[in-house]
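Under our numbering, think of the first position of the sequence shown as 1037, with each following residue one higher. Have a look at the structure below, then the notes.
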Amino acid sequence: MPNTSAHNNSQTTVLLVEDNVDHAFLVKACLDKVSGYMLEIARSTAQCDELLREKTFDIILLDYDLPNEDGLTLLKRLNSYEHVDCPIVVVTGHGHEELAVEAMKAGAADYVVKSGHYPGILPKVITRALEKDRMAKEKRRLAQEVLVRNRELEVLNSITEVLNRSLVSGEMLQTVVQRISELMHLDTTAIYLPEAGQPDATLHVAGGNERVAKDQALLAGFQKLRELTQLLIFNDLSDGHAEIFQQLKQRGLRSGILIPLRHKSDWMGYFLAASSVTAFFTERVVKILTAIANQLGIAIANARLFRQTENLKNKLENVFNSSIDPILTLDEQARIVFFNQRFPDYCGYPEKEIAGRPFLDFVAESRRELTSSKLTELQAGQSSIYETEIHLRDGTALPCLISQSPIKGQREFLMVIKDVSDIARLQKR
1037 MPNTSAHNNS QTTVLLVEDN VDHAFLVKAC LDKVSGYMLE IARSTAQCDE LLREKTFDII
1097 LLDYDLPNED GLTLLKRLNS YEHVDCPIVV VTGHGHEELA VEAMKAGAAD YVVKSGHYPG
1157 ILPKVITRAL EKDRMAKEKR RLAQEVLVRN RELEVLNSIT EVLNRSLVSG EMLQTVVQRI
1217 SELMHLDTTA IYLPEAGQPD ATLHVAGGNE RVAKDQALLA GFQKLRELTQ LLIFNDLSDG
1277 HAEIFQQLKQ RGLRSGILIP LRHKSDWMGY FLAASSVTAF FTERVVKILT AIANQLGIAI
1337 ANARLFRQTE NLKNKLENVF NSSIDPILTL DEQARIVFFN QRFPDYCGYP EKEIAGRPFL
1397 DFVAESRREL TSSKLTELQA GQSSIYETEI HLRDGTALPC LISQSPIKGQ REFLMVIKDV
1457 SDIARLQKR
């Protein structure tokens, strides 16, 4: 790479490769008449190489007819240099126009034919070549921007696809961190979550170099940051402030980021990413990883809520099934939605013949009118307790006491059936 710049913000720097002293003088005299140009002259290809190693230029004017090396060969060589990133205009003599066409094919930005007035048109040629080069670079920049954006979308869509398949599981999170490592070219990724009932986060899944993520000293450092609220970025792990990431540095990593996983105000854990490249975590990379961390936080929160709901549901089912009385829930049409095991035991019907049927189907015909009116009251939001009779599968009817009420916040109703057949028999005596 050149270690010195020939560039001046107010001037266009021009390197003229020309062995003919008279021609070089004419070009210099012409450009000196026009403000805004700084010209340096290379008398040979060797001097050209030396100047380009030392300085950068906005444009190169290359004479085609050079001693030791023709302009076309030099043009191809200059275009192969990584440190040469400027347009090259080839200057040819009369009768060499076909060579100029070859030069254009070889990467020249433009060409000009030597004539008596050619130095006078050089400013226009230079301006045109610089504008053409600027547009080409802008086109490449935009194309690169599209590639980067497409890669970002690929990463986000890939992660979203995985998280949307079903509720978060350990296997799913393992797939997520592996994809992040591969698509973002990261050396290490990991998710740290607290175990049930524990305040500190422990390693849940890791991608890339798992040995780094499992480092106990690293985990101890994270536990000092319990319920971190802001992300931590260290693009140079030699920084003294990056003490928490020193274990990463010792394993050859050069930059790291730790993002808290949150949902609303709830802390879920951490997402760690590390790279062997210094200053890897640019603003754009941080935005992508933050977006992924936000998705992870929501997905983990939803999974926790689902587990809590399932646990509550199981507890309620245990309570219902432990009851000595039949318990039902009815929908708005008074059809049976849920029932505990005591109800099929009580009425003698198998479970598959109960779910979804109207409750009136299980009421003795002689008591259906009363029960129907009570169900109408229930649908209107009124709770009540009344006596009726349940029709058993064997054809008999048992007297019972029903307590029914709307379920708060739901469009369903709760019904508890109390068997009073023993009381009825005693009363008959």
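For each residue, glycine too, the CB sits at the ideal point set by N, CA and C.
| Helix, strand or coil at Ser1301 according to DSSP, with G and I counted as helix | Taking the first residue of the sequence shown as 1, we reach residue 1301 at position 265. In the structure shown, Ser1301 sits in coil (DSSP, three-state: anything other than H, G, I, E or B).
| said: I'd like to check one pair, Leu1052 with Leu1097: are the Cβ atoms closer than 8 Å? | reply: If you number the sequence shown from 1, residue 1097 lands on position 61. If you number the sequence shown from 1, residue 1052 lands on position 16. Yes, the pair counts as a contact, with Cβ atoms nearer than the cut-off.
| Proximal residues to Cys1066 (C-beta, below 8 Å), its chain only, five neighbours per side dropped | For this step, residue 1066 is matched to residue 30 along the sequence shown. Within the same chain, Pro1155, Gly1156, Leu1158, Pro1159 come within 8 Å of Cys1066 by CB-CB distance, once the 5 residues on both sides are set aside.
| What are the boundary residues of the beta strand (DSSP E) that Ser1024 is part of? | What is shown of the chain runs 1037 to 1465, which leaves residue 1024 out entirely.
| Cβ-Cβ distance between Val1191 and Leu1209 below 8 Å | In the sequence shown, the residue the question calls residue 1191 occupies position 155. In the sequence shown, the residue the question calls residue 1209 occupies position 173. Contact flag unset, no.
| query | Is Thr1163 buried or exposed, if buried means 16 or more other CB atoms sit within 10 Å of its CB? | reply | What you label residue 1163 is simply residue 127 of the sequence shown in a count that begins at 1. Taking all protein chains shown into account, Thr1163 has fewer than 16 neighbouring C-beta atoms within 10 Å of its C-beta and is therefore exposed.
| Local conformation of Gly1431 per DSSP, three classes | To locate residue 1431, count along the sequence shown from 1; it is residue 395. Coil, per DSSP.
| Complete runs of the alpha helix (DSSP H) confined to the segment 1357-1391 [at least 4 residues] | Secondary structure in the segment 1357-1391: the alpha helix (DSSP H) runs of 4 residues or longer, each lying completely within the stretch, are 1378-1383 in chain order.
| The alpha helix (DSSP H) enclosing Asp1068, as first and last residue numbers | As a position in the sequence shown, residue 1068 is number 32, starting the count at 1. Counting along the chain, the alpha helix (DSSP H) containing Asp1068 begins and ends at 1057-1069.
| Do Phe1307 and Leu1332 have their C-beta atoms closer together than 8 Å? | On the sequence shown, residue 1307 is found 271 positions in, with the first residue counted as 1. On the sequence shown, residue 1332 is found 296 positions in, with the first residue counted as 1. With contacts defined as CB atoms closer than 8 Å, Phe1307 and Leu1332 qualify as a contacting pair.
| Local conformation of Gly1292 per DSSP, three classes | Residue numbering aside, residue 1292 sits at position 256 when the sequence shown is read from its first letter. It is a strand residue.
| request: Could you check if Val1355 is buried or exposed, using at least 16 other CB atoms within 10 Å of its CB as the buried criterion? | output: What you label residue 1355 is simply residue 319 of the sequence shown in a count that begins at 1. By the beta-carbon neighbour count (other beta carbons within 10 angstroms, threshold 16), Val1355 is exposed.
| field | Given Glu1425 as reference, the closest of Gln1418, Ala1433, Ser1419 once Cα atoms are compared | value | The residue you call residue 1425 lines up with position 389 of the sequence shown. The candidate whose alpha carbon is nearest that of Glu1425 is Ala1433.
| With 16 other CB atoms within 10 Å as the buried threshold, where does Val1373 fall? | Here residue 1373 is taken as the residue at index 337 of the sequence shown, counted from 1. Around the beta-carbon of Val1373, fewer than 16 other beta-carbon atoms lie within 10 Å, marking it exposed.
| Which class does Ile1443 belong to by DSSP, given the choice of helix, strand or coil? | In the sequence shown, residue 1443 corresponds to position 407, counting from 1. The answer is coil: DSSP assigns Ile1443 none of H, G, I, E or B.
| message | Checking 8 Å against the spacing of the C-beta atoms, do Glu1448 and Pro1435 come in under that value? | response | Reading the sequence shown from its first residue, position 412 is the one you call residue 1448. Reading the sequence shown from its first residue, position 399 is the one you call residue 1435. No, the Cβ-Cβ distance between Glu1448 and Pro1435 is not below 8 Å.
| Out of curiosity, what's the CA-to-CA distance linking Leu1341 and Ala1335? | Numbered from its first residue, the sequence shown carries residue 1341 at position 305. Numbered from its first residue, the sequence shown carries residue 1335 at position 299. Here the alpha carbon of Leu1341 sits roughly 10 Å from the alpha carbon of Ala1335.
| request: For Ala1310, write down the residues that DSSP places opposite it in a beta bridge. | output: Counted from its first residue, the sequence shown places residue 1310 at position 274. In DSSP, Ala1310 forms a bridge with Thr1224, Gly1292.
| query | Closest Cβ-Cβ distance between Ser1116 and chain B: below 8 Å? | reply | Among the chains in the structure shown there is no chain B, since it carries only a single protein chain.
| Alpha carbon of Arg1343 to alpha carbon of His1427, nearest angstrom | Taking the first residue of the sequence shown as position 1, residue 1343 is located at position 307. Taking the first residue of the sequence shown as position 1, residue 1427 is located at position 391. If you take the alpha carbons of Arg1343 and His1427, they lie about 39 Å apart.
| request: Would you kindly work out how many angstroms separate the C-alpha atoms of Val1452 and Gln1369, rounded to a whole number? | output: Numbered from its first residue, the sequence shown carries residue 1452 at position 416. Numbered from its first residue, the sequence shown carries residue 1369 at position 333. Cα to Cα, the separation comes out at about 18 Å.
| For Cys1436, the residue or residues it bridges with in DSSP | Walking along the sequence shown from the start, residue 1436 turns up at place 400. Beta-bridge annotation (DSSP): Cys1436 is paired with Thr1424, Asp1455.
| Extent of the continuous alpha helix (DSSP H) run through Leu1414 | Within the sequence shown, numbered from 1, the residue matching residue 1414 stands at position 378. Start and end: 1404-1415.
| query | From His1059, Glu1353, Thr1048, Ile1360, pick the residue whose C-alpha is nearest to that of Ser1071; which is it? | reply | As a working mapping, residue 1071 is identified with position 35 in the sequence shown. Comparing Cα positions, the closest option is Thr1048.
| field | Length-filtered (4 minimum) alpha helix (DSSP H) runs lying within the segment 1117-1200 | value | Whole alpha helix (DSSP H) segments, 4+ residues: 1133-1141.
| query | What are the boundary residues of the alpha helix (DSSP H) that Leu1087 is part of? | reply | Indexing the sequence shown from 1 puts residue 1087 at position 51. Run containing Leu1087: 1081-1090, per the alpha helix (DSSP H) assignment.
| Excluding the five sequence neighbours on either side, which residues of its own chain have a C-beta within less than 6 Å of the C-beta of Arg1287, listed in chain order? | Sequence index remark: in the sequence shown, residue 1287 carries index 251 (1-based). If we look at Arg1287 and ignore the five residues flanking it on each side, its Cβ neighbours are Val1248.
| In the structure shown, what three-state DSSP assignment does Arg1333 receive? | Within the sequence shown, numbered from 1, the residue matching residue 1333 stands at position 297. In the sequence as presented, Arg is not what sits at residue 1333; that position holds Gly. Secondary structure at Gly1333: helix, using DSSP grouped into helix, strand and coil.
| task | Quickly, what does DSSP pair Gln1282 with across the bridge? List them, please. | result | On the sequence shown, residue 1282 is found 246 positions in, with the first residue counted as 1. DSSP lists no partner for Gln1282.
| query | What's the C-alpha gap between Leu1437 and Ile1421? | reply | As a first step, residue 1437 is located in the sequence shown; it is residue number 401 there, counting from the start. As a first step, residue 1421 is located in the sequence shown; it is residue number 385 there, counting from the start. A direct Cα-Cα distance of roughly 7 Å separates Leu1437 from Ile1421.
| task | Tell me Val1053's beta-bridge partners as DSSP assigns them. | result | For the purposes of this step, residue 1053 is taken as the residue at position 17 of the sequence shown. When beta bridges are read from the DSSP output, Val1053 appears opposite Ala1078, Leu1098.
| message | So, with DSSP's three-state summary, where would you put Phe1398? | response | Within the sequence shown, residue 1398 is the residue found at index 362, counting from 1. In the structure shown, Phe1398 sits in a helix (DSSP, three-state: H, G or I).
| request: Could you tell me which of Phe1061, His1119, Gly1107, Asp1101 sits nearest to Leu1088, measuring between CA atoms? | output: For the purposes of this step, residue 1088 is taken as the residue at position 52 of the sequence shown. Looking at the Cα atoms, His1119 is the closest of the given residues.
| request: Quick one: grab the DSSP three-state call for Phe1093. | output: Locating residue 1093 in the sequence shown gives position 57, counting from the first residue. Note: Phe1093 maps to coil in three-state DSSP.
| said: Taking the alpha carbon of Ser1450 as the reference point, which residue from Ser1151, Ser1402, Ile1363 has its own alpha carbon closest? | reply: Your numbering for residue 1450 matches position 414 in the sequence shown. It should be pointed out that residue 1450 corresponds to Leu in this sequence rather than to Ser. Residue Ile1363 is the option with its Cα nearest to Leu1450.
| Using the C-alpha atoms, what's the distance from Gly1244 back to Ala1256? | Start at 1 with the first residue of the sequence shown, and residue 1256 comes out as number 220. Start at 1 with the first residue of the sequence shown, and residue 1244 comes out as number 208. When rounded, the distance between both Cα atoms is 21 Å.
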